[in-house]
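Enquirer: Numbering (the numbering used here), first residue to last: 2 to 300.
C-beta atoms are modelled at their ideal positions from N, C-alpha and C, and glycine is treated no differently.
Everything numeric in this text was worked out from a predicted model, so none of it was measured.
Submitted below is the structure of interest, expressed as structure tokens.
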Amino acid sequence: HPPLTTHREYPNEPAVHAMLASQLQIMDMRSHSGGTLPKEALSHYRKALELGIHSDLDVIYLNLGMLESWMGLIEDAAKTFGKLLEQYINDNARAEAYHHRGDAYANLGHFSEAAADYRAAIAVVPIDSTAWGGLIQVLKEHPNCEGEAVNWQTVVDDMESALATIANKPDKQAASVKFHFALFTASDKLWTTMNKTGVEKQLVTTTKASAWSHLSEANRLEFQRHVTEVQYFQRKQMTQAQIDQFVGIFKAGAFPGGIGSHHQTPVFVVGMMRSGSTLLEQILSSHSQVFGAGEDSVF
């Protein structure tokens, strides 16, 4: 352990503390052991800053902020990302700092500040798919956080323009997946709004089809990132067979009449991650007599 040995020889050298913190953080990520490694890394990062380190401040603030977020020290993380933004950094690093601080603000319940940071990240790097995803989620769950109603048409148009520029990027597939998922959510909100405001039916239908096309493309690209073409085709066939089976079972009249409840008592939809609980909540909330309150991290 060279960094540990160097630390013992130069206990007041800030660069050594920074190097040791980085190594501890990497060790924890690789081993997933948790324990004391994150706390030790946190201590060394802060010691390096306390001793007045002047080099690689952008890397130190980024790593420290990420570590604080992972440890649940959200307020500290927001401040750390703010200090990162005070540094002289390139556009990609600045956008990353903004969207990480936006995540921290969103977790703290400061949704106006979160939306502002996500938009700041997008202004610097228009194809920042993570910032777009965060912004869409905040606007969806807190539509008045920017002081006025969300213009979902403008949001969708801006995202479509940004998506067109991703094609020439080396990591276009990963970025496109996030973009298409976010575009599905934004387009879904757009067609829902249109449906409620009496927009021409053909335009509503077209927008709805566009929303689902983005979801389909996101899932297709995500599958291709992890499976071969043959595996993808086999899984697609298997999934279609399951859907056909469900459609065959749950036909109109499958349940006897009189089932249901007129109570306004809250209904909690709970489930494992990626199990379809969010989709179920959205399906229920699309009913005129049901209000979807969004997700809550408490459960």
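Would the beta-carbon of A22 fall within 8 Å of that of Y46?
Expert: The answer is yes: Cβ separation under 8 Å.
Enquirer: With distances taken between CB atoms, is the gap from N93 to V126 smaller than 8 Å?
Expert: Closer than 8 Å, so yes.
Enquirer: Can you tell me the Cα-Cα spacing of L269 and V60, whole angstroms?
Expert: First, the amino acid is wrong: residue 269 is Phe here, not Leu. Cα-Cα distance, rounded: 42 Å.
Enquirer: Taking G132 as the reference, which of Y62, A116, T279 has the closest Cα?
Expert: According to the sequence shown, residue 132 is Ala rather than Gly. Considering only alpha carbons, the answer is A116.
Enquirer: Could you tell me the boundaries of the alpha helix (DSSP H) in which K209 lies?
Expert: Where K209 is concerned, the enclosing alpha helix (DSSP H) stretches over 202-227.
Enquirer: May I have the straight-line CA-CA distance separating V151 from A165, to the nearest angstrom?
Expert: If you take the alpha carbons of V151 and A165, they lie about 23 Å apart.
Enquirer: Classify H8 as helix, strand or coil using the three-state DSSP reduction.
Expert: Residue placement at H8 is poorly supported in this model, since its pLDDT is 49, which falls under 50; the coordinates still yield a value, given next. In this structure, H8 counts as helix in the three-state DSSP scheme.
Enquirer: According to the neighbour-count rule (16 or more other Cβ atoms, all chains shown, within 10 Å of its Cβ), is W153 buried or exposed?
Expert: Buried, since its Cβ has 16 or more Cβ neighbours within 10 Å.
Enquirer: Roughly how many angstroms lie between the CA atoms of A212 and S113, to the nearest whole one?
Expert: If I take the Cα positions, the gap works out to 26 Å.
Enquirer: Buried or exposed for S276, please, with buried defined as at least 16 other CB atoms from any protein chain shown within 10 angstroms of its CB.
Expert: The residue in question, S276, is exposed, as its Cβ has fewer than 16 Cβ neighbours within 10 Å.
Enquirer: Would you report the Cα separation of G83 and P39, rounded to the nearest angstrom?
Expert: Rounded to whole angstroms, G83 to P39 spans 21 Å at the Cα level.
Enquirer: For Q290, which of helix, strand or coil comes out of DSSP?
Expert: Here Q290 sits in coil by DSSP.
Enquirer: Just to confirm the assignment, what range does the alpha helix (DSSP H) spanning L52 have?
Expert: From DSSP, L52 is part of no alpha helix (DSSP H); its letter is neither H nor E.
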